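Q: Protein chains in written order, with my numbering: chain A, 1 to 229; chain B, 230 to 725.
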């Protein structure tokens with residue numbers, strides 16, 4: 001009789017065992033082994049083209065219904081209002097007729113819920129503004145609000161602050177922490193996020209270079225991650 | 230690209246050698262003088278007498294476009310299915326007037342005939358263009374919606390808001406086309422503006438004709454004031470109410486039509502006996518079909534192709550020469566305003582009306598048809614190319630003389646676009662070339678028109694099918710050429 005190993009008291013949320021992904025014959029991820037447990041706050045660093053996006057999408061495919069995903073940009077519908085874009089986070093949890101109705105004549109209950117969520121990301125009073133009229137930082141806040149409104153316990157975010165100025169970046173990253181119990185966030189800029197996340201994964205050329213608690217990550221390690229090819 | 234263009238131009242010149250471009254009237258200039266005098270002194274009083282025709286023009290166009298959108302836009306979601314594409318292509322390839330010819334025997338000279346004649350080909354166009362708009366649209370917002378979202382919701386939240394504006398602007402452009410179609414349907418007898426226009430021209434009442442034309446321009450130029458999004462439901466509902474007043478479909482006529490489109494050899498014995506029985510005469514029917522295709526079909530197709538190719542060349546040259554008129558790299562504000570007005574008037578006038586006027590002047594030959602179709606299409610292409618040219622920013626050291634700037638900067642930069650526009654309109658030019666046969670040149674329309682007047686529906690339907698196949702063929706060649714040259718019309722939706 002073997003007992004459950006004591007080193008794994010919390011179940012695995014994501015588990016990749018030797019995953020490789022190739023597009024048009026070109027390897028994007030090579031033989032990835034990765035386990036992420038519930039409650040972890042993970043940041044993925046790596047140069048552009050390292051495979052961060054592909055890795056995150058792979059995780060999304062594992063648990064689509066429990067996960068909220070924040071994209072770098074172009075993920076909102078610019079012609080729709082803030083309300084509709086935030087509400088879109090819960091489209092798969094509602095019936096099609098409820099969704100259609102909300103498009104034309106929003107339900108009071110949903111409006112109240114969305115209003116409460118956008119207050120948390122600092123967008124009070126913008127409920128009916130068209131997303132195309134908002135600044136880049138405000139648009140990313142809408143994306144965060146959509147993730148919060150989705151009400152799931154896992155957050156995946158792909159370079160969520162890449163197109164936002166540095167002042168806004170810090171604020172948005174802090175907000176991400178409160179979206180879900182577990183988050184996996186990829187970032188390009190290593191100066192952000194070290195104080196927000198507890199575990200750091202370094203990705204380079206489709207492979208995991210290191211996977212350490214934040215406290216053990218040295219500047220040399222990071223510099224090495226971004227070395228020229 | 231240059232080689233291809235020169236190739237097309239070469240074909241155009243060779244076709245011109247085969248084209249009959251004689252002036253047959255004795256003194257065209259006297260007639261032109263009378264027309265100009267009419268244009269200067271329009272008889273506006275007649276408009277009150279023609280109010281029903283003007284109202285009909287509107288009602289046909291509104292009902293036609295409403296049905297076209299209602300059928301075509303949802304079809305665009307299934308445009309990836311081959312049968313849908315094929316049916317839409319065939320339906321599109323048949324001109325509104327030919328559709329009217331087909332419906333006349335069923336419903337008679339009735340509003341339903343006019344509405345269906347517009348609705349059916351427009352549904353095909355809407356399906357195609359909406360599918361293209363969706364394909365060109367940004368797909369990222371839709372792909373960022375939650376995984377489990379159902380298809381309808383995904384479309385409503387992720388696709389529709391993104392493409393809605395393009396849909397809207399395309400529909401309003403298309404409504405302008407529907408008004409033109411509706412007016413032109415009058416020339417074959419339906420109770421719209423064209424009916425009185427034709428009478429006025431035929432009887433030389435140019436003051437009346439001018440008044441009718443001006444009323445038509447007014448209708449089109451004022452579109453932006455009375456076609457407001459909120460008013461659209463009112464216009465549509467009102468039009469259908471008016472239409473419903475005099476709808477009468479006789480179902481016997483449909484079975485009658487089904488009988489009459491059968492090839493004559495199959496009906497002959499029954500007809501002679503008076504029993505209307507149908508005989509399966511495969512050999513004779515085959516011979517009948519071969520004769521029809523070999524004589525009228527071949528001659529009509531040949532003349533249609535000759536006319537199409539000449540027009541293609543002339544349209545290209547005209548557009549290349551005329552687009553600087555509306556381009557700020559060449560003319561100042563005032564001159565551009567004048568150029569714009571000229572191009573708008575020319576492209577607003579239905580090519581059928583232009584051809585009709587030119588034939589009055591010079592007699593029936595290919596010359597009036599060439600000029601009419603080239604002017605109308607050239608004005609559209611010049612407008613679009615000019616708009617593209619206006620987006621070019623020139624460096625300070627670019628040539629200062631207009632002609633140098635045209636040849637070394639602007640034309641090279643817009644040429645691919647212009648060629649793409651031209652090739653896109655190729656099938657439309659072919660459609661128009663076929664239809665102008667009704668005015669007495671020997672393109673397919675001539676033989677279709679004669680078959681209809683002789684009550685030979687069986688022949689008409691075969692010839693209409695030939696014209697449809699010709700158009701579909703030209704469309705596929707155009708697509709191949711555009712793909713090979715790697716040119717595309719981009720996000721321009723006011724081309725078909």
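Note that the Cβ used here is the ideal one computed from N, Cα and C, for glycine as well. These figures come from a predicted structure and were not determined experimentally.
Who pairs with residue 26/A in a beta bridge, going by DSSP?
A: By one-based count along the first chain, residue 26/A stands at place 26. Paired residues: 23/A.
Q: Starting from the C-beta of residue 344/B, find all residues in its chain whose C-beta is less than 6 Å away, skip the five residues before and the five after it, and write them out in chain order.
A: Residue numbering aside, residue 344/B sits at position 115 when the second chain is read from its first letter. Hits under 6 Å: 289, 292, 293.
Q: Report the residues of the stretch 375-391 of chain B with a CB closer than 8 Å to any CB of chain A, ordered along the chain.
A: Taking 8 Å as the Cβ-Cβ cut-off against chain A, the residues of the stretch 375-391 of chain B that qualify are 375, 376, 377, 378, 379, 381, 382, 383, 385, 386, 387, 390, 391.
Q: For residue 561/B and residue 547/B, I'd like the C-alpha separation in whole angstroms.
A: Residue numbering aside, residue 561/B sits at position 332 when the second chain is read from its first letter. Residue numbering aside, residue 547/B sits at position 318 when the second chain is read from its first letter. Near 21 Å, if we compare the C-alpha coordinates of residue 547/B and residue 561/B.
Q: Could you tell me which chain A residues have their CB closer than 8 Å to the CB of residue 370/B, listed as they occur along the chain?
A: On the second chain, residue 370/B is found 141 positions in, with the first residue counted as 1. Within 8 Å Cβ-Cβ: 74, 75, 76, 77, 78.
Q: Please list the terminal residues of the continuous alpha helix (DSSP H) segment that includes residue 498/B.
A: Indexing the second chain from 1 puts residue 498/B at position 269. Counting along the chain, the alpha helix (DSSP H) containing residue 498/B begins and ends at 493-502.
Q: Just to confirm, are residue 355/B and residue 302/B a CB contact at a threshold of 8 Å?
A: Counting from one through the second chain, the residue named residue 355/B turns up at place 126. Counting from one through the second chain, the residue named residue 302/B turns up at place 73. Yes, these two residues count as a Cβ contact at 8 Å.
Q: Report the neighbours of residue 393/B on chain A: residues whose CB is nearer than 8 Å to its CB, in chain order.
A: Counting from 1 along the second chain, the entry for residue 393/B is found at position 164. Within chain A, the residues near residue 393/B are 79.
Q: For the stretch 147-168 of chain A, list every residue whose C-beta sits within 9 Å of some C-beta in chain B, in sequence order.
A: Correct list: 150.
Q: Which whole-angstrom value describes the C-beta separation of residue 326/B and residue 526/B, a residue pair presumed to lie in contact below a C-beta threshold of 8 Å?
A: Here residue 326/B refers to the residue found at position 97 of the second chain. Here residue 526/B refers to the residue found at position 297 of the second chain. With 8 Å as the limit, residue 326/B and residue 526/B do not qualify as a contact, their Cβ atoms being about 19 Å apart.
Q: Kindly list the residues whose CB is nearer than 8 Å to the CB of residue 50/A, restricted to its own chain and excluding five residues on each side of it in sequence; keep chain order.
A: For the purposes of this step, residue 50/A is taken as residue 50 along the first chain, with counting starting at 1. Around residue 50/A: 203, 204, 205, 206.
Q: Measure how close the beta-carbons of residue 153/A and residue 66/A come, nearest whole angstrom, since I'm counting them as under 8 Å.
A: By one-based count along the first chain, residue 153/A stands at place 153. By one-based count along the first chain, residue 66/A stands at place 66. Correct: roughly 6 Å between the Cβ atoms.
Q: Is the Cβ-Cβ distance between residue 157/A and residue 185/A less than 8 Å?
A: Sequence index remark: in the first chain, residue 157/A carries index 157 (1-based). Sequence index remark: in the first chain, residue 185/A carries index 185 (1-based). Yes, these two residues count as a Cβ contact at 8 Å.
Q: Please report how far the alpha carbon of residue 279/B lies from the alpha carbon of residue 425/B, in whole angstroms.
A: Stepping through the second chain from its first residue, residue 279/B is reached at position 50. Stepping through the second chain from its first residue, residue 425/B is reached at position 196. So the alpha carbons of these two residues sit roughly 8 Å apart.
Q: Would you say residue 89/A faces chain B, with C-beta separation under 8 Å as the test?
A: To locate residue 89/A, count along the first chain from 1; it is residue 89. It does: the Cβ of residue 89/A has a partner Cβ on chain B nearer than 8 Å.
Q: Any C-beta of chain B sitting closer than 8 Å to the C-beta of residue 210/A?
A: For this step, residue 210/A is matched to residue 210 along the first chain. Not one chain B Cβ lies under 8 Å of residue 210/A.
Q: In terms of residues, what are the limits of the beta strand (DSSP E) holding residue 209/A?
A: Locating residue 209/A in the first chain gives position 209, counting from the first residue. 207-213 is the span of the beta strand (DSSP E), which, as asked, contains residue 209/A.
Q: Counting only Cβ pairs nearer than 7 Å, list the residues of chain B close to residue 64/A.
A: Looking up residue 64/A in the first chain gives position 64. Going along chain B in sequence order, the residues near residue 64/A (Cβ under 7 Å) are 376, 377.
Q: Using the Cβ count rule (16 or more neighbours within 10 Å means buried), how would you classify residue 340/B?
A: Position 111 of the second chain, counting from 1, holds the residue named residue 340/B. Result: buried.
Q: I'd like to know if residue 373/B contacts chain A, where contact means its C-beta is closer than 8 Å to some C-beta of that chain.
A: Position 144 of the second chain holds residue 373/B. Judged by the 8 Å Cβ criterion, residue 373/B is in contact with chain A.
Q: Between residue 299/B and chain A, is there a C-beta pair that is closer than 8 Å?
A: Position 70 of the second chain holds residue 299/B. No, its Cβ sits nowhere closer than 8 Å to a Cβ of chain A.
Q: Is it a yes or a no for the stretch 645-658 of chain B touching the stretch 697-710 of chain B, going by three-plus beta-carbon pairs under 8 Å?
A: Yes: at least three Cβ pairs fall under 8 Å.
Q: Could you tell me which residues DSSP puts in a beta bridge with residue 12/A?
A: In the first chain, counting from the first residue as 1, residue 12/A sits at position 12. Beta-bridge pairing links residue 12/A to 37/A.
Q: Under a Cβ-count criterion, where at least 16 other Cβ atoms within 10 Å of its own Cβ denotes burial, should residue 145/A be classed as buried or exposed?
A: On the first chain, position 145 is the one that residue 145/A refers to. Residue 145/A comes out buried.
Q: Using C-beta distances below 7 Å, list every residue in its chain close to residue 147/A, excluding the 5 sequence neighbours before and after it, in chain order.
A: The sequence position of residue 147/A within the first chain is 147, counting from 1. Contacts found: 68, 70, 89, 155, 179.
Q: Counting only the same chain and skipping the five closest in sequence on each side, list residues whose C-beta sits under 7 Å from that of residue 440/B.
A: In the second chain, residue 440/B corresponds to position 211, counting from 1. Cβ within range, chain order: 271, 272, 273, 275, 276.
Q: Since residue 103/A meets chain B, which of its residues come closer than 8 Å, beta carbon to beta carbon?
A: As a position in the first chain, residue 103/A is number 103, starting the count at 1. Per Cβ cutoff of 8 Å: 385, 386.
Q: Roughly how many whole angstroms lie between the Cα atoms of residue 34/A and residue 357/B?
A: Taking the first residue of the first chain as position 1, residue 34/A is located at position 34. Taking the first residue of the second chain as position 1, residue 357/B is located at position 128. Distance between the alpha carbons of residue 34/A and residue 357/B: 47 Å.
Q: Report yes or no: is there a C-beta of chain B within less than 8 Å of the C-beta of residue 236/A?
A: Chain A is shown only over 1 to 229; residue 236/A falls outside these bounds and no answer can be derived.
Q: Expressed to the nearest angstrom, what Euclidean distance is found between the alpha-carbon atoms of residue 52/A and residue 46/A?
A: The residue labelled residue 52/A in the question sits at position 52 within the first chain. The residue labelled residue 46/A in the question sits at position 46 within the first chain. Looking at the two C-alpha atoms, the distance is approximately 7 Å.
Q: Which partner residues of residue 42/A appear in the DSSP bridge assignment?
A: The residue you call residue 42/A lines up with position 42 of the first chain. In DSSP, residue 42/A forms a bridge with 184/A, 199/A.
Q: Pull up the DSSP beta-bridge partners for residue 204/A, would you.
A: Locating residue 204/A in the first chain gives position 204, where the first residue counts as 1. Beta-bridge pairing links residue 204/A to 207/A.
Q: Check the Cβ of residue 110/A against every Cβ in chain B and list those closer than 9 Å, keeping chain order.
A: Residue 110/A sits at position 110 when you count from the first residue of the first chain. Here the premise fails: no neighbours, minimum Cβ distance about 13 Å.
Q: Tell me the rounded alpha-carbon separation between residue 401/B and residue 577/B.
A: Your numbering for residue 401/B matches position 172 in the second chain. Your numbering for residue 577/B matches position 348 in the second chain. About 14 Å.
Q: Give the straight-line distance between the Cα atoms of residue 227/A and residue 188/A, rounded to the nearest whole angstrom.
A: For the purposes of this step, residue 227/A is identified with residue 227 of the first chain, where counting begins at 1. For the purposes of this step, residue 188/A is identified with residue 188 of the first chain, where counting begins at 1. Answer to the nearest angstrom: the Cα atoms are 14 Å apart.
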